[in-house]
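Undergrad:
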Amino acid sequence: MTCQGRGRQLYLASEIAAESRACYKFIPKLQANVDSGERTGGDNMTDAWKEWEGQVVNAKFRLRQYLGGSEHSAVFLTEHGELGLQNAAIKLIPADPRNAEVQLSYWKLAANLSHPHLIRLFEVGRCWFGNTEVLYVVMEYAEENLAQVLPHRPITPEEASTTLKPVLDALACLHSNGFVHSHLKPTNIMALDDQVKISSDGLCRAGESSGSGGEPGVYDPPEAVGEQISAAGDVWSLGMTLVEALTQRLPVWERAEQADPMLTEIVPEPFLDIAWHCLRRDPQRRWTLAEIAARLLPAPNPPMLPKQMTASPPKAVANCSDGRSRPGSGGDLGRLETAQPSREASASQLHRVQTAGG
Numbered sequence: 096m097t098c099q100g101r102g103r104q105l106y107l108a109s110e111i112a113a114e115s116r117a118c119y120k121f122i123p124k125l126q127a128n129v130d131s132g133e134r135t136g137g138d139n140m141t142d143a144w145k146e147w148e149g150q151v152v153n154a155k156f157r158l159r160q161y162l163g164g165s166e167h168s169a170v171f172l173t174e175h176g177e178l179g180l181q182n183a184a185i186k187l188i189p190a191d192p193r194n195a196e197v198q199l200s201y202w203k204l205a206a207n208l209s210h211p212h213l214i215r216l217f218e219v220g221r222c223w224f225g226n227t228e229v230l231y232v233v234m235e236y237a238e239e240n241l242a243q244v245l246p247h248r249p250i251t252p253e254e255a256s257t258t259l260k261p262v263l264d265a266l267a268c269l270h271s272n273g274f275v276h277s278h279l280k281p282t283n284i285m286a287l288d289d290q291v292k293i294s295s296d297g298l299c300r301a302g303e304s305s306g307s308g309g310e311p312g313v314y315d316p317p318e319a320v321g322e323q324i325s326a327a328g329d330v331w332s333l334g335m336t337l338v339e340a341l342t343q344r345l346p347v348w349e350r351a352e353q354a355d356p357m358l359t360e361i362v363p364e365p366f367l368d369i370a371w372h373c374l375r376r377d378p379q380r381r382w383t384l385a386e387i388a389a390r391l392l393p394a395p396n397p398p399m400l401p402k403q404m405t406a407s408p409p410k411a412v413a414n415c416s417d418g419r420s421r422p423g424s425g426g427d428l429g430r431l432e433t434a435q436p437s438r439e440a441s442a443s444q445l446h447r448v449q450t451a452g453g
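When you read off a place in the sequence shown, starting at 1, and then add 95, the result is the number in the working numbering.
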């Protein structure tokens with residue numbers, strides 16, 4: 096088996112032969128699913144991916160445990176000895192000759208991004224397992240994600256605010272570098288060492304066509320099919336995620352209709368106002384990240400005037416915003432309780448699951 100990491104061939108000939116023989120017996124089920132082009136049941140694909148446990152990628156990344164995935168990707172627990180990380184995550188996807196180089200180039204670009212609220216990518220490469228070529232990316236391992244909290248309870252307004260701020264900051268970093276997240280949803284909002292982070296292994300370039308031929312997901316904006324990907328699409332997905340996190344239900348809307356989604360008054364302010372402005376069908380009418388961040392801030396208290404002074408009309412204040420200001424990071428997080436949460440609980444005790452962002 097020949098594996099490449101950043102363009103280097105890392106296996107000796109004897110290791111190639113031995114590992115190819117060891118891996119080949121696990122390939123037929125997966126290869127049949129890939130070649131058929133058919134969507135395969137989740138249980139079948141889970142069984143196929145789980146059989147890869149124990150294999151070694153790039154002579155150093157052992158697939159210790161299958162964490163989750165789909166018919167076209169899987170995430171395993173591994174380790175990164177060179178960086179001294181006992182736990183890391185590695186994502187595998189069968190290489191498509193039509194876009195493999197594009198996918199690798201995106202991962203490499205994302206690996207160059209540095210932000211405290213983005214999952215870091217450490218290494219990317221490609222590898223042959225028998226007759227199947229696989230692309231891989233090694234990244235930070237986040238033990239928890241928001242999707243695992245919501246079956247038990249909604250998050251509190253305090254948790255929503257504490258979680259939303261770093262997500263806004265990470266999105267602002269992506270957008271300022273010409274990227275769109277394009278997969279924002281609860282499974283891709285994670286906690287690592289008491290910090291909220293969003294995934295970075297599925298980024299797209301702003302302005303690309305969204306016409307992928309697949310069915311749009313429930314978090315995707317109305318323009319997800321046939322139009323260009325833009326930062327406004329991330330704002331829509333953020334609104335959907337915010338409503339679900341606070342109510343355990345997605346907003347009601349019909350993709351084929353022209354009406355905006357219906358929002359329930361159970362969503363507390365300021366999040367109802369934020370969600371309403373995120374979920375406008377017209378991308379041009381959605382709020383920017385800076386506008387969302389500003390709405391999160393409490394209204395300023397009016398200045399106290401000395402009694403002997405007569406209040407005069409307030410002077411006009413120049414708006415110094417250039418429209419590109421980035422929201423604050425919101426700092427580190429505590430843990431979300433899955434039992435009855437206290438009002439002081441900060442966001443993000445999330446269950447220990449790393450999923451494959453889709």
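The C-beta atom is built at its ideal place from N, Cα and C for all residues, glycine as well. Predicted model, so just to flag it, every value in this text is computed and none were measured.
Alpha carbon to alpha carbon, how far is A265 from V219?
TA: Rounded to whole angstroms, A265 to V219 spans 21 Å at the Cα level.
Undergrad: Looking only at C-alpha atoms, which of G164, A301, D315, P363 sits nearest to A267?
TA: A301
Undergrad: From what residue to what residue does the beta strand (DSSP E) around M335 run?
TA: Careful: M335 lies outside any beta strand (DSSP E), inside the alpha helix (DSSP H) at 326-342.
Undergrad: Pick helix, strand or coil for N139, following the three-state DSSP scheme.
TA: helix
Undergrad: Cβ of V262 within 8 Å of Cβ of V291?
TA: For V262 and V291, yes; Cβs fall inside 8 Å.
Undergrad: Span of the alpha helix (DSSP H) holding Q198?
TA: Counting along the chain, Q198 sits inside the alpha helix (DSSP H) bounded by residues 195-206.
Undergrad: Taking 8 Å as the threshold (C-beta atoms), are R381 and A319 in contact?
TA: no
Undergrad: Name the residue from H270, H247, Y236 whose alpha carbon lies nearest to the alpha carbon of S285.
TA: Residue identity check: residue 285 is Met in the sequence provided, not Ser. The shortest Cα separation from M285 among H270, H247, Y236 belongs to Y236.
Undergrad: Any idea which residues DSSP pairs A169 with across the strands?
TA: G164, L187
Undergrad: Does the Cβ of I361 have 16 or more other Cβ atoms within 10 Å, making it buried, or fewer, making it exposed?
TA: Exposed is the label assigned to I361, since fewer than 16 other Cβ atoms lie within 10 Å of its Cβ.
Undergrad: Can you find the residues in the same chain that come closer than 6 Å, C-beta to C-beta, to I369, ignoring five residues on each side of it along the sequence?
TA: So the qualifying residues of the chain are I387, R390.
Undergrad: Start and end of the alpha helix (DSSP H) containing T383?
TA: No alpha helix (DSSP H) contains T383, which DSSP labels as neither H nor E.
Undergrad: Tell me, please, which residues DSSP counts as bridged to K280.
TA: Beta-bridge partners of K280 (DSSP): none assigned.
Undergrad: Helix, strand or coil, according to DSSP, for H210 in the structure here?
TA: Coil at H210, not helix or strand.
Undergrad: To the nearest angstrom, report how far apart R376 and G312 are at their CA atoms.
TA: 16 Å
Undergrad: Using the rule of at least 16 other Cβ atoms within 10 Å of the residue's Cβ for burial, across every protein chain shown, is H247 buried or exposed?
TA: exposed
Undergrad: My output table needs one value for W144: the three-state DSSP class, helix, strand or coil.
TA: W144 falls in the helix class under three-state DSSP.
Undergrad: Can you find the residues in the same chain that come closer than 8 Å, C-beta to C-beta, to R419, ignoring five residues on each side of it along the sequence?
TA: Confidence at R419 is low in this model, with a pLDDT of 43, below 50, so its placement is unreliable and no value can be given for it.
Undergrad: Per DSSP, what kind of secondary structure is T227 in: helix, strand or coil?
TA: strand
Undergrad: Can you look up V262 in the DSSP assignment and give me helix, strand or coil?
TA: V262 falls in the helix class under three-state DSSP.
Undergrad: Can you name, in chain order, every residue of its own chain whose Cβ lies under 8 Å from the Cβ of I214, other than the five neighbours on each side?
TA: M234, E235, A237, M285, L287, K292, I293, S294, S295, D296
Undergrad: Can you tell me which of the three DSSP states E254 falls into?
TA: helix
Undergrad: To the nearest angstrom, how far is the alpha carbon of Y314 from that of E339?
TA: 10 Å
Undergrad: Which whole-angstrom value is the C-beta distance of K186 and V170, which I expect to be below 8 Å?
TA: 5 Å
Undergrad: Would you mind reading off the limits of the beta strand (DSSP E) that contains I293?
TA: 290-293
Undergrad: Going by C-alpha to C-alpha distance, which of A184, L180, V229, S209 sits closest to P192?
TA: If we check each option's Cα against that of P192, V229 comes out closest.
Undergrad: What's the call for V152, buried or exposed, on a 16-neighbour Cβ count within 10 Å?
TA: buried
Undergrad: Under 8 Å between C-beta atoms, does E254 make it to chain B?
TA: No chain B is present in this structure, which holds just one protein chain.
Undergrad: Is the beta carbon of R159 less than 8 Å from the beta carbon of T141?
TA: no
Undergrad: Use the C-beta contact count for T282: other C-beta atoms within 10 angstroms, 16 or more gives buried, fewer gives exposed.
TA: buried
Undergrad: Could you work out which residue in Y161, H212, N194 is closest to D289 when comparing CA atoms only?
TA: H212
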